[in-house]
Each structure stands twice: as structure tokens, then as C-alpha cells.
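Heads up, the thing below is written out as C-alpha cells.
Protein chains: 2
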Amino acid sequence: MQQTSPLLTDLYQINMIQAYLDHGDTETAVFELFVRTLPPRRGFLMAAGLEQALDFLENLRFSAAEIAWLKNTGRFGPNLLNYLRDFRFTGDVHAMPEGTVFFANEPMLRLTAPLPQAQFVESRLINILHYQILIAAKAARSVLAAPNKLLVDFGMRRAHGAEAGLMAARASYIAGFAGTATVLAGKQFGIPLFGTMAHSFIEAFSDETEAFETFARTRPDNVVLLLDTYDTEAAARKVVALAPRLTETGIAIRGVRLDSGDLIALSKSVRAILDAGGLKETTIFVSGGLDEDSLVAFARAGAPIDGIGIGTSLTTSADVPSIDCVYKLQEYAGLPRRKRSENKSTWPGRKQVWRRYDTDGRMASDLLTLADHEKAGAPLIHPVMLGGQRLQPAPSLDDIRRRAKRELECLPEALRKLTPGATYKVEVADALVELAADVDRRLERSSPSI
Amino acid sequence: MQQTSPLLTDLYQINMIQAYLDHGDTETAVFELFVRTLPPRRGFLMAAGLEQALDFLENLRFSAAEIAWLKNTGRFGPNLLNYLRDFRFTGDVHAMPEGTVFFANEPMLRLTAPLPQAQFVESRLINILHYQILIAAKAARSVLAAPNKLLVDFGMRRAHGAEAGLMAARASYIAGFAGTATVLAGKQFGIPLFGTMAHSFIEAFSDETEAFETFARTRPDNVVLLLDTYDTEAAARKVVALAPRLTETGIAIRGVRLDSGDLIALSKSVRAILDAGGLKETTIFVSGGLDEDSLVAFARAGAPIDGIGIGTSLTTSADVPSIDCVYKLQEYAGLPRRKRSENKSTWPGRKQVWRRYDTDGRMASDLLTLADHEKAGAPLIHPVMLGGQRLQPAPSLDDIRRRAKRELECLPEALRKLTPGATYKVEVADALVELAADVDRRLERSSPSI
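Which chain is which? The protein sequence lines are B and A, in order. Heads up, the first sequence is in numbering that gives the first Met the number 0, so the first residue is 0 and it goes up one at a time. Heads up, the second sequence is in numbering that gives the first Met the number 0, so the first residue is 0 and it goes up one at a time.
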């Protein structure tokens with residue numbers, strides 16, 4: 000990922016830093032990033048994007064040109080401009096490892112830093128983490144719906160911009176996709192690449208068989224032929240007719256792709272044509288406006304489909320294009336803080352999540368506690384950055400992917416369905432409830448309603 | 000916008016170029032970008048993103064490191080690697096100016112170039128244009144629903160990644176928003192910036208009034224105070240009590256912001272408190288999970304709201320997070336081409352759209368014709384790049400915005416509603432229908448079904 004300008008932030012962040020500096024409010028603040036409520040049809044979420052978030056914090060610098068531009072707006076004082084000129088993130092980050100399953104109100108990340116720093120990073124930090132969490136959770140649904148199919152991200156073109164296209168490949172690979180069509184994701188993250196041909200390729204030839212043969216001779220190791228440009232079943236028969244000529248030169252037709260029409264019916268008729276033609280090893284790959292519900296329909300119908308390209312529905316998380324992911328002040332200058340806005344109130348203080356498992360290894364329930372209260376189970380939040388320095392080298396993407404796989408295996412059965420059959424239990428420790436009441440009493444004392 | 004790597008593409012594009020080069024298929028291809036069908040609740044779309052698309056074409060280069068990486072994959076031949084090493088886009092682009100209203104099946108952009116070039120740019124070209132078209136169309140709905148309100152883009156944090164956050168500000172400004180909170184959009188595009196404070200700012204102080212006063216003294220030119228951290232009406236009374244002290248030092252409270260609760264009821268009660276306290280000039284700005292339907296509800300209820308921050312629903316186009324935007328081969332080597340896949344067939348050839356207007360200046364109907372057929376009305380598609388060179392300097396964003404405003408004024412009344420009351424008439428010229436039939440006959444002759 001290219002480092003983006005630190006000015007990719009909301010104006011109010013800079014306004015607030017100006018006020019904090021003017022007023023001397025630079026003590027330690029603790030913010031937590033969490034999701035307030037799970038969206039419809041999501042029984043869980045999955046932590047993702049932490050590496051990019053840490054990259055952002057580590058590399059946050061203002062260029063001379065950016066400082067000059069801020070100065071020219073006439074909005075900001077010299078104290079702010081000097082502060083930003085030397086800006087370095089020097090805080091601590093505690094977080095759930097990428098690939099961890101989490102639920103509403105559980106902090107996926109806690110950031111501890113001088114207030115102006117902690118405040119400034121809010122907008123881009125949410126921007127980075129929200130999207131990968133969204134896509135990992137969406138991709139996990141397909142992985143659960145079709146555990147034995149080859150799933151490939153095809154959605155860069157209608158993802159919302161460049162970064163979304165790239166990061167969707169990363170987040171869906173974490174959740175268990177086999178790979179992506181997006182070449183840059185292969186270069187940048189080592190994610191396996193998949194891809195064959197478009198309809199325009201077929202159309203550029205005057206004869207469909209000639210297009211197939213040309214492609215096969217160019218890419219003999221990866222012959223997957225697109226059948227639906229004109230007439231899918233006719234194209235399947237052309238593939239059967241072509242196969243002996245290719246076999247003579249040692250080329251096997253690895254697969255065919257269907258991108259339109261009734262994919263269940265066509266996969267069956269194409270399978271029959273291929274089998275009758277001796278191409279039993281040739282796989283069927285489908286694409287074209289598919290999502291996790293399509294995967295369930297394919298399985299129910301017994302469609303002989305081996306792999307699925309999932310595009311727009313994945314990279315836009317089409318049924319749920321955003322989640323209520325927020326970053327909230329929980330402590331400042333040693334005192335726990337709390338927002339009490341209607342339906343948006345928060346649990347104050349630094350928190351930890353303890354996860355308990357059933358005897359069969361499935362997740363049983365989580366307990367939200369204060370960070371320094373030891374409880375039964377496994378703590379989910381760990382230090383990853385202290386004083387602006389990463390504690391460990393980044394885990395490999397395959398390690399993250401293995402973690403995600405284990406997490407999905409440990410999900411309660413009811414949460415593995417596309418429409419979750421239960422709500423996972425997240426308890427709030429008594430100490431936290433009491434702390435919230437303490438904060439409320441303090442607020443009432445210091446600032447009674449007029 | 001930062002130039003992204005040319006490897007932000009789909010693998011199949013590079014596979015196809017390899018096959019085109021191997022087979023000598025490098026004649027001129029014509030592709031058109033259009034939307035197959037309008038999504039639910041969209042009566043029209045708006046062209047946007049052309050400048051970024053032309054930037055992409057003009058600056059498309061492969062670095063030595065990118066070529067080396069491609070070579071190391073072992074997938075590609077030396078002819079392809081040499082071709083990409085010297086890659087420059089040398090083609091022509093015809094397009095609708097940004098801000099133009101358009102409809103299903105109307106090419107918003109036509110690209111003419113040697114086949115490997117024209118093929119290669121597909122994925123990123125759609126990625127750039129799809130998102131800005133999507134957001135301009137979404138933003139236009141709010142502009143039509145609340146023509147006299149101050150509308151501000153607040154949605155960078157939950158936009159899908161960095162580029163979406165930035166480009167949503169641009170596309171919504173084109174459609175008629177007053178500005179954005181995203182600072183980088185101010186620096187990069189000169190878009191007006193808006194922003195005040197977050198709840199965390201209020202919470203960092205032990206006293207709400209002290210927070211208000213600190214902010215007002217730091218930003219005396221732009222005092223907009225956030226009221227809903229604890230109790231909105233109590234906070235409004237604190238603002239009234241604070242006002243005289245600020246007035247003494249020449250500071251006016253320009254506005255208040257409400258971000259939660261029943262915004263219609265609260266705007267009325269806060270208006271009453273402010274008016275009774277002599278703050279009749281202080282405006283009310285609202286935010287928090289709003290969309291164009293909220294704007295209609297505010298207007299119906301006569302809510303005394305002056306401005307609205309629209310965030311996630313705008314930048315994710317929440318109700319319609321993608322549109323069926325495609326880029327299809329229409330001609331190759333002088334011959335018109337056509338895809339006939341089920342429900343995805345296309346009109347062949349280079350096309351033009353002619354728009355006719357009623358006597359009152361409203362759009363009446365469009366006619367889709369072959370590009371060289373002169374018709375009545377105004378042609379919408381114009382040359383913007385020839386031989387890889389831009390023909391004109393980029394229009395200013397404010398010029399584009401003025402065009403969009405005129406276009407929205409010319410919309411038929413039925414299309415100005417959030418749920419469109421009619422479908423706009425787009426006729427297909429007889430010559431185009433005949434050409435499609437010609438192509439079909441040619442395909443049948445050259446490649447009969449087996």
C-alpha cells in the first residue's frame with residue numbers, strides 16, 4: 000500500500016488538535032476501536048487490516064508542502080504548524096491479531112497516546128480497519144457456505160477505488176479465499192493469482208474455436224476457456240472437438256468458465272458434454288454477479304461446479320456495505336470517559352476480552368472486562384506497538400490465514416449459517432458496569448444540567 | 000490522486016495481451032463503457048471521474064521492478080515483457096463531460112486503441128469511473144431532495160479505503176454538495192472544507208461549557224458546537240448561557256451540531272432554546288447516519304435544520320453500493336463486434352447519444368445512434384484525448400459543478416423524485432438494430448453451432 004497523505008483526515012481532527020494545544024490538553028488518551036452493533040445477517044466479524052493500520056501509524060509524517068498548504072489556509076496557528084512539522088506517532092497499540100473472530104462492543108484495537116496524536120489518527124485508522132473487517136466478514140460467509148470450493152476474488156473493477164480493490168484481495172484471502180485476480184495483490188502480498196480471458200478476447204476472433212486454440216497455445220499451463228460469449232453449450236461442444244488437437248501437443252484443457260445464464264442448469268449440461276467428450280478432468284468455474292447465497296443454491300441443486308469467482312458482491316460487501324465501526328475516547332488524563340448520546344453510549348476505561356470455549360473447542364462466550372482484571376479464558380487483545388515501535392515483525396499472511404481458519408472452525412454451529420441462528424453471548428463484567436456508573440456520577444457532579 | 004501501479008489490474012488482461020501479441024492481434028479496437036441497467040431507485044446517472052481516468056491513461060508506465068516481478072512469475076514471454084516495458088497509451092478517448100446526466104446503455108466513454116492497450120486498461124478504468132459515477136448519482140439525490148440546505152460530505156472514515164474517501168468528496172461536490180470534511184480533498188481539488196469537533200473533544204474536558212469555550216476561543220471564526228455528548232437540550236442551554244461571555248470578546252456562535260437522537264424533535268426544541276436565548280442567527284447542523292430519505296423527512300416535518308452532514312450512506316452509496324458498469328468491445332479491425340450472452344448482449348459499433356429537449360428546456364428523450372450518423376438534438380459524446388494526448392486542459396471543478404447543476408435543472412420532473420416516477424426514453428436508431436443483426440448473421444456464418 001502506498002502511504003497516503005496525513006491530510007486524508009477530517010478537518011475537525013486538526014481543529015481539535017489546535018484547541019488541545021492552545022489549552023494544553025496533551026495528556027495521555029486511550030481510544031478503542033469497536034463495532035457498536037452487528038449488521039443484519041452477520042453473526043460475527045473478523046479482525047483484519049492491523050498491519051496496514053500499524054504501517055499508517057509508523058509512517059505518519061507531514062511534508063513541508065503539506066505544512067505550507069495548512070499554513071496558507073489561514074486556519075491554524077504557528078503552535079499547530081510546528082507540532083505537525085515534527086509529528087511522530089509515539090503511542091502504544093493493543094489489538095486482536097488479524098483473523099480473530101470478534102463481536103459487537105469488543106475493542107478490536109486500543110490506542111494509547113498523547114491526546115492530540117490519538118485524536119488525529121481516528122479518521123484514517125477507521126478507514127483502514129473498517130474496510131478490511133467488512134470484507135473479511137463478508138468473505139468468511141462464502142468460505143463457510145462452500146468449504147470445499149475454489150473461491151477467487153474477481154471484484155477489483157467495481158470495488159470503491161484502488162485501495163479497496165487491493166485490500167479486498169488481502170481481506171478475502173485471510174478469510175479463506177484461494178486467491179484473487181488482482182495482480183498487484185500477488186506482487187504486494189504474495190496472494191495466489193487466478194485469471195483466464197474475457198469475452199472481448201473471444202469476440203476479437205472471427206471464430207470461437209480459433210480463439211480457444213490461440214489462448215491454449217499461449218497459456219498451455221493454464222487453459223481455462225470462457226464458454227458463454229455466444230452459446231454456452233455450443234462452445235462446450237467446440238471445446239470437446241478441439242481437445243484432441245491440443246492433447247497431441249501435450250496441452251490439457253484444465254477448465255471452462257461460465258459467466259452468464261442459468262449457471263446451475265448450464266453447469267450440468269456442460270458437465271455432461273465434457274464427460275461424454277472424455278474431458279472428465281476439466282473443471283467448471285463460474286462467475287457473474289454471484290454471492291454466498293448463490294453458493295448455497297449451487298450446493299442444494301448439486302451443481303457440478305468446482306470453483307467460483309466472486310466479484311462485486313464481495314468487494315463492496317453488497318448486502319452490508321458498511322458496519323458501525325467507531326473509535327471512542329475511553330480514558331483521558333487517568334480518568335475513564337464515556338459518551339452518553341442516545342443509543343450511542345460507550346463502556347469507559349481500557350478493556351480486555353476473555354474468550355471461553357466449550358469442551359469440544361467451540362467458542363462458548365466472551366467476557367468484556369477492564370484490561371487489568373484477570374479472568375478465565377483466553378485474552379484476545381495483545382500489545383503490538385509500544386512507544387511508536389512495532390513489537391514483533393508482521394506475521395505472514397499465511398499465518399494470519401491459518402488463524403482465521405482455526406477461528407472459523409471454532410465458531411458455534413448457529414453462527415456458521417448465512418442467517419445466524421443465535422446471538423453470541425458477550426457478557427460485561429460487573430466492574431465495568433460499576434465504572435460506567437461512577438463516570439456518570441462524576442459527570443453529574445461536575446456539569447449538572449441547567 | 001497518487002498514480003497507482005499498472006499491476007492494479009486483473010490477471011486475465013495480461014494473459015490476453017500475451018495471446019494477442021503471440022497471435023499478432025494488435026489492430027484497432029473500440030471499447031465503450033456504459034451501465035447495462037439502472038439500479039433500483041435511480042432514474043438517472045451522472046458522468047464523473049473522467050479527469051482521473053485520463054490521468055491514468057496518460058501516466059500508465061511499468062517500472063523496471065514491475066517488469067522484473069512479472070518476469071519472475073514465469074508466466075509471460077519476452078515479447079510481452081518488452082511490450083510492457085515500453086507501454087504508452089497512444090489511443091483516443093471520446094466521452095461525456097463530467098456532470099452530464101446519462102442513462103442505461105449510453106456509452107459514457109469510448110476508447111479507441113490497439114487491442115492490447117485497449118484491453119489492458121479495462122479493469123482500472125472501470126474501477127475509477129464506476130465509483131465516481133456511483134457517488135455523483137447518489138449525491139445528486141440529496142441535492143434534489145434538499146436544494147436549499149448546506150450539504151457536506153462527512154463519510155471518509157467508512158468509505159472503502161483511501162481513494163474512495165477522497166473521490167467521494169470530489170464526486171459529491173460535482174453533484175452539488177457544498178463541501179467536505181476531508182482535508183486532502185481541499186488541498187487536492189480546492190473543495191470547501193467543513194468541520195468542527197468530535198464527542199471526544201467534549202469528553203476530554205471535565206466540564207462541557209469549558210469545552211465549548213475553549214473551542215470557541217481557538218476557532219473564533221467558525222464556532223459550531225456539538226451538543227449531544229451528554230444531553231442535547233441541556234447543552235443548548237449551556238450555549239445560551241455562554242454566548243454573552245463570547246460576544247464580549249467579539250465571538251459569535253455560528254452554529255450547533257446534533258449527532259444523535261430524534262433529530263426532528265431535537266432541532267425544534269434546540270431552535271426554541273436558541274431563539275429564546277437571543278441566538279436567532281445560530282444555525283443548526285445535523286449528522287449521524289443520515290441519507291437522502293432523512294432529508295425528505297426533515298422537510299416534511301418542517302424541522303428547522305440548516306445544514307446536514309452525510310457520511311457513510313453517501314460514500315458507500317449504501318442502498319446501491321455498485322452499478323452494472325461495463326466496458327465492452329464494440330469493434331475490432333474495422334468490424335463491429337457484439338456479445339450475445341444471455342441478458343448481457345450489447346449494441347455493436349462506435350456510438351453517439353443525441354439528446355432532445357422539450358420547449359421548456361427539460362430533457363425529452365435520447366437517441367442512441369452510430370457515431371457518424373448526424374441526428375437532431377445535442378450530441379453528448381466528444382473527443383477528449385487523441386493519440387494519447389489530452390485535447391483540452393482539464394475543466395475546473397467548479398465548471399463541472401455548474402454543468403451538473405444545469406443538468407439536474409433540466410431533468411424531467413418525474414426523475415427528480417427519490418423514487419423515480421417514470422423511465423426516461425432512450426431510443427435505439429434503426430441503423431444500430433440493423434448492424435446488430437448483421438453482426439449476428441456474420442457470427443452464424445463464420446462459427447455455426449456444432
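Where is the CB? At the ideal position from N, CA and C, for every residue including glycine. Remember, predicted model here, so these are calculated numbers, not experimental data.
Note the first and the last residue of the continuous alpha helix (DSSP H) segment covering residue i.
i: I16 of chain B; result: L10 to H22
i: H198 of chain B; result: H198 to E202
i: S268 of chain B; result: L262 to A275
i: S293 of chain A; result: E291 to R299
i: L396 of chain A; result: L396 to E408
Can you check DSSP and say which residues form a bridge with residue i?
i: Q118 of chain A; result: Bridge partners of Q118 of chain A: none, in fact.
i: G254 of chain A; result: A:V223 and A:T282
i: T27 of chain A; result: A:P113
i: E57 of chain B; result: According to DSSP, E57 of chain B bridges with nothing at all.
i: A377 of chain A; result: A:R354
i: V325 of chain A; result: A:F33
i: L49 of chain A; result: The partner list for L49 of chain A (beta bridge, DSSP) is empty, contrary to what the question assumes.
i: E330 of chain B; result: B:V29 and B:P335
i: L149 of chain B; result: B:G306
i: L44 of chain B; result: B:F101
Applying the 10 Å Cβ sphere with the 16-neighbour rule, what's the burial state of residue i?
i: R140 of chain B; result: buried
i: K424 of chain B; result: exposed
i: T99 of chain A; result: buried
i: H198 of chain B; result: buried
i: S122 of chain B; result: buried
i: L390 of chain A; result: exposed
i: H159 of chain A; result: buried
i: G175 of chain A; result: buried
i: Q520 of chain A; result: Look at the range of chain A in this structure, 0 to 449, and you will see that residue 520 of chain A is not part of it.
i: T213 of chain A; result: buried
i: G178 of chain B; result: buried
i: G360 of chain A; result: exposed
i: A413 of chain A; result: exposed
i: E408 of chain A; result: exposed
i: A430 of chain B; result: exposed
i: G287 of chain B; result: buried
i: A94 of chain B; result: buried
i: Q12 of chain B; result: buried
When DSSP labels each residue in this structure, what does residue i get in the three-state scheme?
i: W346 of chain B; result: coil
i: Q2 of chain A; result: coil
i: P243 of chain A; result: helix
i: V450 of chain A; result: Nothing can be reported for residue 450 of chain A: it is not among the residues displayed for chain A, which extend from 0 to 449.
i: I307 of chain B; result: strand
i: S259 of chain B; result: coil
i: R415 of chain B; result: helix
i: L390 of chain B; result: coil
i: R385 of chain A; result: In the sequence under discussion, the amino acid at residue 385 of chain A is Leu, which differs from the Arg named in the question. It is a strand residue.
i: L7 of chain A; result: coil
i: T314 of chain A; result: helix
Ends of the beta strand (DSSP E) at residue i?
i: T368 of chain A; result: M362 to L369
For chain C, is any of its Cβ atoms less than 8 Å away from the one on residue i?
i: I125 of chain B; result: This model lacks chain C altogether, as its protein chains are B and A.
Please go through the segment 151-230 of chain B and give each complete alpha helix (DSSP H) segment of 4 or more residues, from N-terminal end onward. 161-174, 182-188, 198-202 and 207-217
3 or more residues per run - each beta strand (DSSP E) lying fully within the segment 62-147 of chain B: 91-94 and 108-113
Quick check on the DSSP output: what are the complete alpha helix (DSSP H) runs of length 4 or more inside the segment 417-447 of chain A, in order along the chain? 429-445
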